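Visitor:
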Amino acid sequence: AQKVTQAQTEISVVEKEDVTLDCVYETRDTTYYLFWYKQPPSGELVFLIRRNSFDEQNEISGRYSWNFQKSTSSFNFTITASQVVDSAVYFCALSEALGKLQFGAGTQVVVTP
Amino acid sequence: NAGVTQTPKFRVLKTGQSMTLLCAQDMNHEYMYWYRQDPGMGLRLIHYSVGEGTTAKGEVPDGYNVSRLKKQNFLLGLESAAPSQTSVYFCASSYTGTGVWETQYFGPGTRLLVL
């Protein structure tokens, strides 16, 4: 059985600070995908990033970056220079066969001016 | 291109009533999914479909039924609603080809309150 753990329930930062969200996963499969989704107060789910299990290259996209380490089964996500609009719940998710997603419990990010 | 749409946006039911939630996508996606989101929890998979005419159970299927009569539509039914089914329901779809599992795109959600 697969499992996704987001140990941080809530993170509060002041605008312009960096925020790193932790995600640890468990899976027996060798092929899988990892995702980060954002859920703003309006409630919709917004896709942010996807990484497959064969590619451990860490990337930066604008203010977002991620650190994927198979050795520790971690897929951490960083928002650089946070803004008030980044306030949301962020979900890490793991996809295995047939695209079924297993979500973590989410981390609430609160960015204050 | 509307993406994934859900009907209705909000509904209040009494215990024992039935209803159907409609999900529609216009992206020609093969795979469709129904999730529920409860407070303080991530989304959990209820049922899914890998193509027209096919459905399968997810993690929490009890009390729900689904149908995929048309490729673009995925219906979620509650035959006899219970207060435990109070939740926000999300539909998602993805295009899968050659074994590569594409990103799932989500609808706006349906908020259901069962009294």
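Residue numbers (the working numbering), protein chains in the order written: chain P, 1 to 113; chain Z, 1001 to 1115. From the three backbone atoms N, C-alpha and C, an ideal C-beta is built for every residue, glycine too. Since the model is a prediction, treat every value here as computed from it, not as a measurement.
Using a Cβ-Cβ cut-off of 8 Å, state whether residue 1041 of chain Z counts as contacting chain P.
Guide: At least one chain P Cβ lies under 8 Å of residue 1041 of chain Z.
Visitor: Starting from the beta carbon of residue 7 of chain P, find every residue of chain Z whose beta carbon is closer than 7 Å, and list them in chain order.
Guide: Simply none; closest approach about 13 Å.
Visitor: So which residues of chain P does residue 1108 of chain Z contact, with C-beta pairs closer than 8 Å?
Guide: Chain P residues near residue 1108 of chain Z: 43 and 44.
Visitor: Could you name the residues of the region 89-103 of chain P whose beta carbon sits closer than 7 Å to any beta carbon of chain Z, in the order they occur along the chain?
Guide: Residues passing the 7 Å Cβ filter: 91, 95, 98, 99, 100, 101 and 103.
Visitor: Where does residue 1060 of chain Z fall in DSSP's three states?
Guide: If DSSP states are grouped into helix, strand and coil, residue 1060 of chain Z belongs with coil.
Visitor: Note the first and the last residue of the continuous beta strand (DSSP E) segment covering residue 1047 of chain Z.
Guide: That run of the beta strand (DSSP E) goes 1043-1049.
Visitor: In terms of DSSP beta bridges, what is residue 54 of chain P paired with?
Guide: DSSP output for residue 54 of chain P lists no bridge partner at all.
Visitor: I need the straight-line Cα distance from residue 1093 of chain Z to residue 16 of chain P, nearest angstrom please.
Guide: Computed Cα separation, rounded: 35 Å.
Visitor: Kindly list the residues whose CB is nearer than 6 Å to the CB of residue 1011 of chain Z, restricted to its own chain and excluding five residues on each side of it in sequence; keep chain order.
Guide: So the qualifying residues of the chain are 1112.
Visitor: What residues of chain P sit near residue 1090 of chain Z, judged by a beta carbon separation below 8 Å?
Guide: Near residue 1090 of chain Z (Cβ distances below 8 Å), the residues of chain P are 45.
Visitor: Starting from residue 81 of chain P, find everything on chain Z with Cβ-Cβ shorter than 8 Å and list it in chain order.
Guide: Within 8 Å Cβ-Cβ: nothing; residue 81 of chain P doesn't reach chain Z, min ~26 Å.
Visitor: Give every residue of the same chain whose Cβ lies closer than 8 Å to the Cβ of residue 1003 of chain Z, excluding the five residues on either side of it in the sequence, and list them in chain order.
Guide: Around residue 1003 of chain Z: 1025, 1026, 1027, 1105 and 1107.
Visitor: Is the beta carbon of residue 18 of chain P sitting closer than 8 Å to the one on residue 107 of chain P?
Guide: No, Cβ-Cβ distance for residue 18 of chain P and residue 107 of chain P is not below 8 Å.
Visitor: State buried or exposed for residue 1085 of chain Z, treating a residue as buried only when at least 16 other CB atoms are found within 10 Å of its CB.
Guide: Classification of residue 1085 of chain Z: buried, given that the 10 Å Cβ count is 16 or more.
Visitor: State the DSSP-derived secondary structure class of residue 98 of chain P, mapped to helix, strand or coil.
Guide: In the structure shown, residue 98 of chain P sits in a helix (DSSP, three-state: H, G or I).
Visitor: If I follow the unbroken beta strand (DSSP E) through residue 1077 of chain Z, where does it start and stop?
Guide: 1073-1078 is the span of the beta strand (DSSP E), which, as asked, contains residue 1077 of chain Z.
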